[in-house]
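In my numbering, the protein residues as written are 61 to 838.
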């Protein structure tokens, strides 16, 4: 990237000996010459050197980061030093060590940029400001601007500068509220049963398999698709090896243990930052979208030209990276694809001979195997979830309990999209039950011919070659494994059959690069990609929701209720309102989603026990711009129609929560925007539908780039019909040849979105794929 040493020198001018000598005009010229943004991110680096951003932060920018963390801590504790800013900053860096390089580089330059910004406007570096001074300098309108103070940093004026502060503030909120002092301050609670150490489940790590052995089937990926295929194949006596790049994490590994003054130990929920680091790809920082194309360096360097760069949509693509995959971290929801979607949007691309009735019977059988039920979601409901349900009932909305794969004795301790420390989820890892339901991964490892496993093992390349007849075949898979002692082992594993179920992105990458290595291709790879894109609305009631004196658990099952999508009349025409799901998260994740940098987020988090939350699910449609490239990078966005559906979902949630309010217990809504909405120069308070409609107008004017969006449900990229044969589930080439021993068995198969949680549909398709592999290995 470009050398930023000249900009570092400018920030040094803000030290006290030089501060009085600064000429603002000369500073401006120097800043323009140095450049104010990470130009290397746009491919403009004159020298393709790759520096270590995290080392740069630790050596040169750490005090700037500490200053920002101190200002956030000061806001949360109302002027008291309730936590150690230096320790928080170190925890932020420990988390950032797991982020992708581009985000680390952006963090480094953002800290440098804000230091220069501070010198420009106040003639001193950020670290020399008081905590109040930092808040006055980095002010997006949370506090009134004083005469002579620096200008407000507003998204409309300079979204790139705003993004720099927001990114750092977001990391601070996540880490501060993952730590014990903030959790104690805001009153984080857990049901008494959840605090008992005796309730914990611990599992020993299974032995790592021999990579030099020849197997009947190698399965790449241990998630919903890979585990389903593994249990079907091992049940038929096949020798199976499951590979996964994620580590083995025992269910009790992340739960917090707190020693009380009397020496007793109680449990507390896992830290949210630890969850993201240990269980998610790129620590949850896999972003689709970004800054986009810029024609000239001057567009970034000159403020007036930089401010004309249009913002682009960004969608956080969350994927598990842990042995057990998605079922390890998800909320165990099993919903069937609808007949309408299957018969219309999947028409002509369905598995051969599989009508909807046969698919429905297959999904019912899977539900029975896994003990899917609604009893748990009907009984383990928190008071927070009940606020959502009460609002639905007042409006006559059809609110349904979600069907989940959880044991009936589940105690409602929540999992926060992380890990079930008590073995209640029949998902990734839990103690084996000889007589009860087991997850497909656990069952595969306990079948009479148990699956062998190799975690911390990344599949680097499928070796695709031509056989004696000139047809493509996989001769092996090159892998790298991190051993228990930290050493790296490289090997080529051989098998009769290979099943790729590594998840969207990695599956496309492996298949595309494998075909290329053998001189083949499939031009449809990466296409027909869709996702269920979501966002959340928080409702803060005037009175605490918890503790309430009820017998309901806290936080209960984290996702309890579904309100299905429906058609409604609006302005004389029928429009679709999206489906809604209520859920709740622990403080670090909640704080991550808020828009305030200092005062506003602090006021909200101090009332954590007043919060309830619901999310919107918007399925994207198949179109060329939504795709996965051959390197596995995901590109996904909402179009105008889908954005309007999202806004209808925000309205629908607002009506529900306002209906749940009482005359003596009103509600304030917090919307998922990237910046605070200001009305009359003050932060907007959404207390009724009129306030909400004003906010919707502001969001619509700015577009989807102004909304925080995420997806955990990517689908497509190696779709049935174009890439995978609908009968054999073998990968095809452009010439119509089949790779005789290469099968796909994850959500990449979907030819269009299933428009609901895809887990159950995926397990059904993986079962069919596994049946084909069984026949080929007979």
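Glycine residues also receive a C-beta, built at the ideal position from the N, C-alpha and C atoms.
Since the model is a prediction, treat every value here as computed from it, not as a measurement.
Taking the alpha carbon of residue i as the reference point, which residue from the options has its own alpha carbon closest?
i	options	result
residue 543	195, 268, 821 and 452	268
residue 775	819, 590, 457 and 739	590
residue 753	472, 446 and 712	712
residue 470	571, 612 and 535	612
residue 213	557, 825, 792 and 734	734
residue 656	599, 616 and 743	743
residue 333	484, 500 and 159	159
residue 573	594, 688 and 513	688
residue 180	211, 261, 264 and 440	211
residue 617	540, 477, 592 and 654	477
residue 693	135, 315 and 341	341
residue 766	523, 216 and 486	216
residue 417	432, 396, 430 and 434	396
residue 172	125, 209, 420 and 183	125
Have a look at residue i and residue j and give me their C-alpha separation to the nearest angstrom.
i	j	result
residue 105	residue 169	A caution first: residue 105 carries a pLDDT of 41, below 50, which makes its placement in the model too unreliable to give a value.
residue 803	residue 307	24 Å
residue 642	residue 620	6 Å
residue 504	residue 178	58 Å
residue 76	residue 378	Because residue 76 sits at a pLDDT of 45, beneath the cut-off of 50, its placement in the model cannot be relied upon, and the point is left open.
residue 185	residue 175	6 Å
residue 466	residue 491	13 Å
residue 662	residue 131	11 Å
residue 447	residue 727	11 Å
residue 95	residue 327	Any reading at residue 95 is ruled out, since the residue's pLDDT is 37, under 50, leaving its predicted position unreliable.
residue 719	residue 232	34 Å
residue 758	residue 630	20 Å
residue 297	residue 408	34 Å
residue 830	residue 836	10 Å
residue 604	residue 725	9 Å
residue 821	residue 285	10 Å
residue 347	residue 381	15 Å
residue 706	residue 154	35 Å
residue 325	residue 411	53 Å
residue 239	residue 615	18 Å
residue 489	residue 148	32 Å
residue 674	residue 721	15 Å
residue 189	residue 195	9 Å
residue 592	residue 815	7 Å
Hey, residue i and residue j are a contact pair by Cβ (cut 8 Å); roughly how many whole angstroms apart?
i	j	result
residue 289	residue 561	6 Å
residue 738	residue 201	5 Å
residue 819	residue 393	7 Å
residue 259	residue 253	6 Å
residue 372	residue 349	5 Å
residue 243	residue 647	6 Å
residue 677	residue 594	5 Å
Which class does residue i belong to by DSSP, given the choice of helix, strand or coil?
i	result
residue 144	coil
residue 244	helix
residue 22	Outside the shown range of the chain, which is 61 to 838, sits residue 22, and nothing can be said about it.
residue 621	strand
residue 837	coil
residue 420	helix
residue 643	strand
residue 4	Residue coverage of the chain in this structure runs from 61 to 838, which leaves residue 4 outside it and unanswerable.
residue 426	helix
residue 586	coil
residue 598	strand
residue 90	Any reading at residue 90 is ruled out, since the residue's pLDDT is 44, under 50, leaving its predicted position unreliable.
residue 725	strand
residue 805	coil
residue 100	With a pLDDT of only 37 at residue 100, under 50, the local geometry of the prediction cannot be trusted, and no value is derived from it.
residue 819	helix
residue 743	strand
residue 731	coil
residue 776	coil
residue 629	strand
Does any residue of chain C have a CB that is nearer than 7 Å to the CB of residue i?
i	result
residue 776	Here there is only one protein chain, and chain C is not present.
- Which residue spans inside the region 168 to 198 form an unbroken alpha helix (DSSP H) run of at least 4? Segments of the alpha helix (DSSP H) lying fully in the region 168 to 198: 191 to 197.
- Please list the segments of the alpha helix (DSSP H) lying wholly inside the region 263 to 338, counting only runs of 4 or more residues, in order along the chain. Within the region 263 to 338, the complete alpha helix (DSSP H) runs of at least 4 residues are 284 to 295.
- Query: In the region 442 to 471, which residue ranges form an unbroken beta strand (DSSP E) of at least 3 residues, counting only runs that do not cross its ends?
  - Reply: The qualifying runs are 459 to 461.
- Task: Entirely within the region 505 to 582 and at least 4 residues each: give me those alpha helix (DSSP H) ranges in chain order.
- Result: Note on the region 505 to 582: whole alpha helix (DSSP H) runs with a minimum of 4 residues are 566 to 577, in chain order.
- Mind pulling the beta strand (DSSP E) runs of 3 or more residues that sit fully within the region 655 to 718? List check, beta strand (DSSP E) in window: 671 to 679.
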